[in-house]
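Engineer:
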Amino acid sequence: VNNQGVAVGYSHGWWDENETSPEKNESRSIYAVVFKDGQVIDFTDDHSEEFDSRAYDINDSGTAVGHVTKYVNGSLRTKFYHVDTNKENMEMIFPTDFFKGSSSTARSINEAGYIVGEGEVETHNDSSTNPRRTNGFLYHIGTDTFTNLNDFLPCESDYTVIEARHINDNNEISATAIIKAPRRDAKGEFVFAEDGTKIMEDVVR
Numbered sequence: 026v027n028n029q030g031v032a033v034g035y036s037h038g039w040w041d042e043n044e045t046s047p048e049k050n051e052s053r054s055i056y057a058v059v060f061k062d063g064q065v066i067d068f069t070d071d072h073s074e075e076f077d078s079r080a081y082d083i084n085d086s087g088t089a090v091g092h093v094t095k096y097v098n099g100s101l102r103t104k105f106y107h108v109d110t111n112k113e114n115m116e117m118i119f120p121t122d123f124f125k126g127s128s129s130t131a132r133s134i135n136e137a138g139y140i141v142g143e144g145e146v147e148t149h150n151d152s153s154t155n156p157r158r159t160n161g162f163l164y165h166i167g168t169d170t171f172t173n174l175n176d177f178l179p180c181e182s183d184y185t186v187i188e189a190r191h192i193n194d195n196n197e198i199s200a201t202a203i204i205k206a207p208r209r210d211a212k213g214e215f216v217f218a219e220d221g222t223k224i225m226e227d228v229v230r
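When you number the sequence shown by the working numbering, it's gap-free, plus one each residue, and the end is 230.
#1: If you pair each beta-carbon of the segment 83–93 with each one of the segment 108–125, do three or more pairs fall below 8 angstroms?
#2: Pull up the distance between the alpha-carbon of residue 186 and that of residue 142, whole angstroms please.
#3: What beta strand (DSSP E) runs, 3 residues minimum, are completely inside the segment 76–118?
#4: Secondary structure at residue 123, three-state DSSP: helix, strand or coil?
#5: So, using beta-carbon positions, are residue 103 and residue 73 closer together than 8 angstroms?
#6: Just the C-alpha distance for residue 176 and residue 218, rounded to the nearest angstrom, thanks.
#7: By Cβ distance, which residues of its chain are closer than 8 angstroms to residue 36, with the 5 residues on each side in sequence left out?
#8: Give me, in chain order, the residues of the same chain whose beta-carbon lies closer than 6 angstroms to that of residue 61; leave out the 5 immediate sequence neighbours on both sides.
#9: Would residue 201 pass as a contact of residue 229 if the rule is Cβ separation under 8 angstroms?
#10: Taking residue 190 as the reference, which of 46, 45, 81 and 118 has the closest Cα?
#11: Do you know whose CA, among 116, 216 and 69, lies nearest residue 95's CA?
#12: Report the residue from 207, 192, 158 and 137 whose alpha carbon sits nearest the alpha carbon of residue 147.
#13: Note the first and the last residue of the continuous beta strand (DSSP E) segment covering residue 186.
#14: Given residue 28, which residues of its chain have a CB within under 7 angstroms of its CB, disregarding the five upstream and five downstream residues?
#15: Who does residue 144 pair with in a DSSP beta bridge?
#16: Between residue 126 and residue 152, how many whole angstroms is the CB-CB distance? I'm expecting something under 8 angstroms.
#17: What distance in whole Å lies between the Cβ atoms of residue 162 and residue 172, which are believed to be in contact at a cut-off of 8 angstroms?
#18: Can you check DSSP and say which residues form a bridge with residue 170?
#19: Please determine, among 117, 41 and 97, the residue with the shortest C-alpha to C-alpha distance to residue 166.
#20: Taking just the CA atoms, how far does residue 139 sit from residue 207?
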């Protein structure tokens, strides 16, 4: 919710946007919504093409961010958006992210129009057992600039930023990163390979 009392989130809604007398088993999904002037308003443009949408944050200027789910190249993907909730006819804007088939989501926006979130950076055919890795991103509405957050890290950094959850008005970002660290067993002892070297693993920070 912003300082104007406008809130965003998501709610169940009918797949058929014009449904007024739903059947017992009427198809429904979850759609991003805005609450303003005492009304909950669904701003997903086309329920047959864009569904399972979310809104995660809104700034005091009324710009909201989140993601929608849609088919891209025959596969279900999420795509991040921003939308001006002040307009009577609210339209989701989908900036270019890492690549066309990358799933992305926006988590936070500040008053300067900077948006943070995460998106897929790997291009293999993903599955539940072989997901794609993600990186955090920074997007600026005013300049239409999309940047991998890892580009801001020093070249010698051991960290890889995999998601960003919040940005404040000082442009400070809270995020999750992974770093290689020695693996330990249940007793806290280092685990070694057959050649005597320590086994390394990804650790979240």
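C-beta: ideal position from N, C-alpha, C; glycine also.
In this text the structure is predicted, and so the values were computed from the model without any measurement.
Structural biologist: Here's the rundown:
#1: Counting Cβ pairs under 8 angstroms, three or more are found: they touch.
#2: Your numbering for residue 186 matches position 161 in the sequence shown. Your numbering for residue 142 matches position 117 in the sequence shown. Each residue's alpha carbon lies about 11 angstroms from the other.
#3: Counting whole runs of 3 or more residues, the segment 76–118 contains the beta strand (DSSP E) stretches 76–83, 88–97 and 100–109.
#4: The residue you call residue 123 lines up with position 98 of the sequence shown. If DSSP states are grouped into helix, strand and coil, residue 123 belongs with coil.
#5: For the purposes of this step, residue 103 is taken as the residue at position 78 of the sequence shown. For the purposes of this step, residue 73 is taken as the residue at position 48 of the sequence shown. No, the pair does not count as a contact, with Cβ atoms beyond the cut-off.
#6: The count along the sequence shown starts at 1 and reaches residue 176 at position 151. The count along the sequence shown starts at 1 and reaches residue 218 at position 193. Roughly 33 angstroms between the two C-alpha positions.
#7: Against the sequence shown, residue 36 aligns to sequence position 11. So the qualifying residues of the chain are 55, 56, 58, 65 and 67.
#8: What you label residue 61 is simply residue 36 of the sequence shown in a count that begins at 1. Correct list, in chain order: 31.
#9: Looking up residue 201 in the sequence shown gives position 176. Looking up residue 229 in the sequence shown gives position 204. In contact: residue 201 and residue 229 (Cβ atoms closer than 8 angstroms).
#10: In the sequence shown, residue 190 corresponds to position 165, counting from 1. Its Cα nearest to that of residue 190, the residue 81 stands out among 46, 45, 81 and 118.
#11: Looking up residue 95 in the sequence shown gives position 70. Of the candidates 116, 216 and 69, the one whose C-alpha sits nearest the C-alpha of residue 95 is 69.
#12: Mapped onto the sequence shown, residue 147 falls at position 122. The shortest C-alpha separation from residue 147 is found at 158.
#13: The residue given as residue 186 occupies position 161 in the sequence shown. From DSSP, the beta strand (DSSP E) with residue 186 extends over 185–192.
#14: If you number the sequence shown from 1, residue 28 lands on position 3. Closer than 7 angstroms at Cβ, skipping near neighbours: 85.
#15: Position 119 of the sequence shown, counting from 1, holds the residue named residue 144. DSSP links residue 144 through a beta bridge to 129 and 160.
#16: Position 101 of the sequence shown, counted from the start, is the residue given in the question as residue 126. Position 127 of the sequence shown, counted from the start, is the residue given in the question as residue 152. Between residue 152 and residue 126 the Cβ distance is about 14 angstroms, and since that is not below 8 angstroms, they are no contact.
#17: Working through the sequence shown from its first residue, we reach residue 172 at position 147. Working through the sequence shown from its first residue, we reach residue 162 at position 137. Sure, about 6 angstroms apart at Cβ, within 8 angstroms.
#18: The sequence position of residue 170 within the sequence shown is 145, counting from 1. Residue 170 pairs with 165.
#19: Position 141 of the sequence shown, counting from 1, holds the residue named residue 166. Taking the Cα of residue 166 as reference, the smallest distance to any Cα among 117, 41 and 97 is reached at 117.
#20: Stepping through the sequence shown from its first residue, residue 207 is reached at position 182. Stepping through the sequence shown from its first residue, residue 139 is reached at position 114. Looking at the two C-alpha atoms, the distance is approximately 36 angstroms.
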